[in-house]
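J.: In this text, residue positions in the sequence shown follow the numbering used here: the first is 17, and each later residue adds one. A virtual CB, placed ideally from N, CA and C, is assigned to each residue, including glycine. Just dropping this structure here.
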Amino acid sequence: MKKSKQNIGILGTGIYIPDTYMSAKDIADKTKGIWTEKAIIEKLGIVKKPIPGENDGTQEMGVYASIDAIKNTDIDPLSIDLIISVGEEWKEYPLTTTAIYIQDKIGANNAWAFDLQQRCSTTVSAMKVAKDMMIADESVNTVLIAGGYRNGDLIDYADPTISMMFNLGAGGGAIILKKGMIKNLLHETHIITDGSLARDAGVLYGGTTNPITKDNLDIAYKSLKIFNVDHMKNRLNEVSLKNWFTCIDKAFEKSGMDKSKIDYLGILHFKRSMHNQILQSLGLSDKNTIYLENYGHLGQIDQILSLHLGLQENKIKEGSVISMISAGIGYAWAANVISWG
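Next comes the structure, spelled out in structure tokens:
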């Protein structure tokens with residue numbers, strides 16, 4: 017018998033932001049004169065960004081955010097059926113499963129758990145995966161999506177080719193989805209991936225191709241690089257904005273809604289000019305989003321953080337139509353539609 021679709025809604029969010037920060041001046045100083053403080057602020061759009069403290073491991077920040085989400089929603093961890101980690105692969109111990117670690121730390125003993133990866137587009141994709149699983153499986157009713165991010169550890173600020181990644185910060189985020197809700201509904205999602213960019217960026221050392229050795233140790237831990245600068249730049253210039261707008265158009269089309277109704281855009285952090293271009297193209301302004309200039313880019317946590325801050329600052333209200341948009345190296349673009357209240 018074919019199961020009927022059920023409403024999947026957002027129960028709440030949780031955030032963890034470290035207490036330690038790196039200012040625009042700090043970043044400029046690390047570029048050794050290549051970038052000025054003014055350019056970091058005005059062009060790259062970074063006033064400051066959080067960086068990890070002593071106990072801010074990737075997995076641990078996912079735990080902190082999950083605990084915050086549980087507190088904010090007042091749910092029993094034993095009611096969670098599934099945990100999907102969107103935390104990054106740069107973490108405390110390689111080959112450990114973050115979602116299972118979070119499960120133990122929050123006492124979600126009735127859940128099962130797995131990790132999902134699509135770089136900085138992971139959260140939007142994980143929300144789609146969670147919704148589809150909840151519709152397909154009657155035993156999955158409450159899903160925690162959570163993770164941490166600190167890829168900024170891997171940045172060499174003296175490398176001018178990776179200025180687009182100078183904004184990488186640290187933090188954790190969590191979002192709880194629940195079946196059978198009548199508010200805060202997650203509608204449809206559209207995702208595009210482009211395999212021609214699959215090997216254009218990544219961490220150069222530490223895998224099986226280029227293992228870390230005593231000879232490359234000094235550079236290995238700062239080797240998040242763009243491998244093919246010209247191809248990545250040209251390809252992104254060719255397809256990136258088009259793919260984003262296609263994702264938004266398709267997500268609204270599949271949701272049976274008009275994209276002109278967007279009240280709030282949950283957008284990742286990138287340079288000011290692109291941020292403004294996307295807002296203008298959608299007929300939106302600063303009142304319809306939050307520019308994360310005081311946080312930088314927390315990877316796949318950006319969309320959760322934007323939703324969290326949008327609610328705090330009353331930019332998201334009863335009846336607001338939200339679209340989260342994301343992009344991740346590889347390359348992936350995604351957008352979803354949420355009706356709040």
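What distance in whole Å lies between the Cβ atoms of residue 187 and residue 33, which are believed to be in contact at a cut-off of 8 Å?
T.: If you number the sequence shown from 1, residue 33 lands on position 17. If you number the sequence shown from 1, residue 187 lands on position 171. At roughly 5 Å, the Cβ-Cβ gap stays under 8 Å, so residue 33 and residue 187 are in contact.
J.: Report the rounded CA-to-CA distance for residue 141 versus residue 100, giving the unit in angstroms.
T.: Sequence index remark: in the sequence shown, residue 141 carries index 125 (1-based). Sequence index remark: in the sequence shown, residue 100 carries index 84 (1-based). Cα-Cα distance, rounded: 11 Å.
J.: Among 114, 324, 228, which residue has its Cα nearest to the Cα of residue 132?
T.: Stepping through the sequence shown from its first residue, residue 132 is reached at position 116. The residue with the shortest Cα to Cα distance from residue 132 is 114.
J.: Is the CB-CB distance between residue 345 and residue 166 below 8 Å?
T.: Residue 345 sits at position 329 when you count from the first residue of the sequence shown. Residue 166 sits at position 150 when you count from the first residue of the sequence shown. No; because the gap between Cβ atoms is not below 8 Å, this pair is not in contact.
J.: Tell whether a beta-carbon distance below 8 Å holds between residue 321 and residue 189.
T.: Numbered from 1 along the sequence shown, position 305 holds the residue referred to as residue 321. Numbered from 1 along the sequence shown, position 173 holds the residue referred to as residue 189. Yes, Cβ-Cβ distance for residue 321 and residue 189 is below 8 Å.
J.: Rounded to a whole number of angstroms, what is the C-alpha to C-alpha distance between residue 221 and residue 150?
T.: Numbered from 1 along the sequence shown, position 205 holds the residue referred to as residue 221. Numbered from 1 along the sequence shown, position 134 holds the residue referred to as residue 150. Rounded to the nearest angstrom, the two C-alpha atoms are 39 Å apart.
J.: Would you mind giving the Cβ-Cβ distance between residue 314 and residue 25, rounded to the nearest angstrom? I have them listed as a contact below 8 Å.
T.: What you label residue 314 is simply residue 298 of the sequence shown in a count that begins at 1. What you label residue 25 is simply residue 9 of the sequence shown in a count that begins at 1. Going by Cβ atoms, the distance from residue 314 to residue 25 rounds to 24 Å, so no, they are not a contact pair.
J.: Assuming contact is defined by CB atoms lying nearer than 8 Å, are residue 81 and residue 30 in contact in what I supplied?
T.: Here residue 81 refers to the residue found at position 65 when the sequence shown is read from its first residue. Here residue 30 refers to the residue found at position 14 when the sequence shown is read from its first residue. In this structure, residue 30 lies closer than 8 Å to residue 81 by Cβ.
J.: Are the beta-carbon atoms of residue 177 and residue 242 separated by less than 8 Å?
T.: The residue given as residue 177 occupies position 161 in the sequence shown. The residue given as residue 242 occupies position 226 in the sequence shown. Yes; because the gap between Cβ atoms is below 8 Å, this pair is in contact.
J.: Determine, using beta carbons only, whether residue 137 and residue 267 come nearer to each other than 8 Å.
T.: As a first step, residue 137 is located in the sequence shown; it is residue number 121 there, counting from the start. As a first step, residue 267 is located in the sequence shown; it is residue number 251 there, counting from the start. The answer is no: Cβ separation not under 8 Å.
J.: Measuring CB to CB, does residue 9 end up less than 8 Å from residue 89?
T.: The requested residue 9 does not occur in the structure, where the chain is confined to residues 17 to 357.
J.: Note down, in chain order, each residue of its chain lying with its Cβ closer than 6 Å to the Cβ of residue 237, except the 5 sequence neighbours on either side.
T.: By one-based count along the sequence shown, residue 237 stands at place 221. There are no such residues.
J.: Does the distance from the CB of residue 182 to the CB of residue 43 come in under 8 Å?
T.: Your numbering for residue 182 matches position 166 in the sequence shown. Your numbering for residue 43 matches position 27 in the sequence shown. For residue 182 and residue 43, yes; Cβs fall inside 8 Å.
J.: Have a look at the DSSP bridge pairing and note the partners of residue 212.
T.: The residue labelled residue 212 in the question sits at position 196 within the sequence shown. DSSP, once it has assigned bridges, lists no residue as partnering residue 212.
J.: Quick test of your reading: residue 123 and residue 93, contact by CB under 8 Å. State the CB separation rounded to the nearest angstrom.
T.: Working through the sequence shown from its first residue, we reach residue 123 at position 107. Working through the sequence shown from its first residue, we reach residue 93 at position 77. Indeed they touch by this definition, with Cβ atoms about 5 Å apart.
J.: Please confirm whether residue 58 and residue 288 have their CB atoms less than 8 Å apart.
T.: As a first step, residue 58 must be located in the sequence shown, where it is residue number 42. As a first step, residue 288 must be located in the sequence shown, where it is residue number 272. Yes.
J.: Which class does residue 285 belong to by DSSP, given the choice of helix, strand or coil?
T.: As a first step, residue 285 is located in the sequence shown; it is residue number 269 there, counting from the start. Residue state, collapsed to three classes: coil.
J.: For residue 337, which of 292, 256, 329, 271 has the nearest alpha-carbon?
T.: Position 321 of the sequence shown holds residue 337. Ranking the options by Cα distance to residue 337, first place goes to 271.
J.: Per DSSP, which one or two residues make a beta bridge with residue 352?
T.: Working through the sequence shown from its first residue, we reach residue 352 at position 336. BP columns for residue 352 point to 205.
J.: In the DSSP assignment, find the alpha helix (DSSP H) that holds residue 77 and state where it starts and stops.
T.: On the sequence shown, position 61 is the one that residue 77 refers to. Its alpha helix (DSSP H) spans residues 74-89.
J.: So for residue 347, helix, strand or coil by DSSP?
T.: As a working note, residue 347 is residue 331 in the sequence shown. Three-state result, residue 347: coil.
J.: Could you give the DSSP three-state label for residue 111: helix, strand or coil?
T.: Indexing the sequence shown from 1 puts residue 111 at position 95. It is coil, neither helix nor strand.
J.: Find out if the Cβ-Cβ distance for the pair residue 198, residue 158 is shorter than 8 Å.
T.: On the sequence shown, position 182 is the one that residue 198 refers to. On the sequence shown, position 142 is the one that residue 158 refers to. It is not a contact, given that the beta carbons lie outside the stated cut-off.
J.: Could you confirm whether any beta carbon from chain D is found closer than 8 Å to the beta carbon of residue 235?
T.: Here there is only one protein chain, and chain D is not present.
J.: Would you mind stating whether residue 7 and residue 312 have Cβ atoms separated by less than 8 Å?
T.: A question about residue 7 goes unanswered here, because the residues of the chain that appear run from 17 up to 357.
J.: Which residue's Cα is closest to the Cα of residue 331: 22, 300, 262?
T.: Residue mapping note: residue 331 aligns to position 315 of the sequence shown, counting from 1. If we check each option's Cα against that of residue 331, 300 comes out closest.
J.: To the nearest angstrom, how far is the alpha carbon of residue 298 from that of residue 318?
T.: Numbered from its first residue, the sequence shown carries residue 298 at position 282. Numbered from its first residue, the sequence shown carries residue 318 at position 302. C-alpha separation (whole angstroms): 20 Å.
J.: Beta carbon of residue 48, beta carbon of residue 174: below 8 Å?
T.: Numbered from its first residue, the sequence shown carries residue 48 at position 32. Numbered from its first residue, the sequence shown carries residue 174 at position 158. A contact, by the Cβ cut-off of 8 Å.
J.: Measure the alpha-carbon distance for residue 37 versus residue 56 and round it to whole angstroms.
T.: Position 21 of the sequence shown holds residue 37. Position 40 of the sequence shown holds residue 56. Whole-angstrom Cα-Cα distance: 15 Å.
J.: Does residue 279 come out as helix, strand or coil in the three-state DSSP assignment?
T.: Translated into positions along the sequence shown, residue 279 becomes position 263. Residue 279 falls in the coil class under three-state DSSP.
J.: Check for me: the alpha helix (DSSP H) holding residue 268 runs from which residue to which?
T.: Translated into the one-based positions of the sequence shown, residue 268 becomes position 252. Counting along the chain, the alpha helix (DSSP H) containing residue 268 begins and ends at 245-271.
J.: Per DSSP, what kind of secondary structure is residue 197 in: helix, strand or coil?
T.: Taking the sequence shown and counting its residues from 1, one reaches residue 197 at position 181. Residue 197: coil per DSSP, three-state reduction.
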